[in-house]
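**Student:** I have a structure here, written as structure tokens, and I will follow up with some questions on it.
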Amino acid sequence: MIEEWNKIPVFAKAIEIQQLVRNLVEAIEHTDIEFNKDIEAEMIKNNIDYLSKNALIIPAKIAGALSSNIPYAIKMENATIIRKAAREISTDLTGIEMHGYKDVEYLNFLRQEIEEFRVLFAEWVKSFNPWDYIIDRWGLFNPPGVNYDDHDPDDDLPNKK
């Protein structure tokens, strides 16, 4: 499965970002950033933790959305989580820079990779078929004209739980 996913540009870029983040975290952990207060050390530790977690979330949620039997609402939910994770990576890079990490070129390179990912991601999301749906009872990801409280004809099928 992973070999097939790697052929999909948005997934391949997500894996690249994951590796870049892993390398950045190692570099930060071996740097000599000086802190004036314990709170600063805790803040950069949180930046690193969030950076790592978000880099793991992105390819996992892409893989989940690539399943052919996933309805539109679930694909869009995954897309929302992916977007949030990518944006938080950018935010954490700013936090790491603000705390004195000197290798700004690497941070900027990772920002550029996130921007390239954003374009691939936007094109990928455009490929989602909004008419391959189940009614989203939360009302977030229904196609135009479908409401969260509409009757679902599938509810009338026998043996429907």
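Just so you know, the sequence shown maps onto residues 47 to 207 in our numbering. We put the beta carbon where it would ideally sit given N, CA and C, even for glycine.
#1: Sort Leu166, Ser113, Glu75, Glu134 by Cα distance to Asn100 and report the nearest one.
#2: Against chain D, does Glu62 count as a neighbour if the rule is that its beta carbon must be under 8 Å from one of theirs?
#3: Can you tell me which of the three DSSP states Asn124 falls into?
#4: Residues in the same chain with beta-carbon distance under 6 Å from Ser208, minus the five sequence neighbours each way, listed in chain order, please.
#5: Determine whether the beta carbon atoms of Leu156 and Glu143 lie at a separation below 8 Å.
#6: Per DSSP, what kind of secondary structure is Leu186 in: helix, strand or coil?
#7: Grouping DSSP H, G and I as helix and E and B as strand, with all else coil, what is Lys172?
#8: Of all the alpha helix (DSSP H) runs that stay within the bounds of the region 79-143, which reach a length of 4 or more residues?
#9: Are there 16 or more other CB atoms within 10 angstroms of the CB of Leu186, so buried, or fewer, so exposed?
#10: So Pro117 and Tyr179 are in contact, right, with Cβ under 8 Å, and what is the actual spacing, rounded?
#11: Straight-line CA distance for Val171 to Lys83?
#12: With distances taken between CB atoms, is the gap from Ile108 to Phe57 smaller than 8 Å?
#13: Taking all protein chains shown into account, do 16 or more other C-beta atoms lie within 10 angstroms of the C-beta of Leu203, making it buried, or fewer, making it exposed?
#14: Looking at Ala168 and Ile104, is the spacing between their C-beta atoms short of 8 Å?
#15: Hey, out of Asp182, Ile160, Trp51, Ser173, whose CA is closest to Glu123's CA?
#16: Between which residues of its own chain and Asn52 is the CB-CB distance below 6 Å, once the five residues before and five after are set aside?
**Tutor:** Taking the structure as given:
#1: Residue Glu134 is the option with its Cα nearest to Asn100.
#2: Considering every chain present, this structure includes no chain D. It has just one protein chain.
#3: Of the three classes helix, strand and coil, the one that applies to Asn124 here is helix, per DSSP.
#4: The structure shown does not extend to residue 208, since the chain spans only 47 to 207, so no value can be given for it.
#5: The Cβ atoms of Leu156 and Glu143 lie no closer than 8 Å to each other.
#6: In this structure, Leu186 counts as coil in the three-state DSSP scheme.
#7: If DSSP states are grouped into helix, strand and coil, Lys172 belongs with the helices.
#8: Listed in chain order, the alpha helix (DSSP H) runs fully inside the region 79-143 are 84-111, counting runs of at least 4 residues.
#9: Flag for Leu186 reads exposed.
#10: That belief holds up - the Cβ atoms of Pro117 and Tyr179 are roughly 5 Å apart, short of 8 Å.
#11: Using only the alpha carbons, I get a separation of about 43 Å.
#12: Their beta carbons are under 8 Å apart, which means Ile108 touches Phe57 by this criterion.
#13: By the 16-neighbour rule on beta-carbons within 10 angstroms, Leu203 is exposed.
#14: Result no, Cβ atoms of Ile104 and Ala168 do not sit closer than 8 Å.
#15: For Glu123, the nearest C-alpha among the options comes from Asp182.
#16: These residues qualify, in order along the chain: Ala58.
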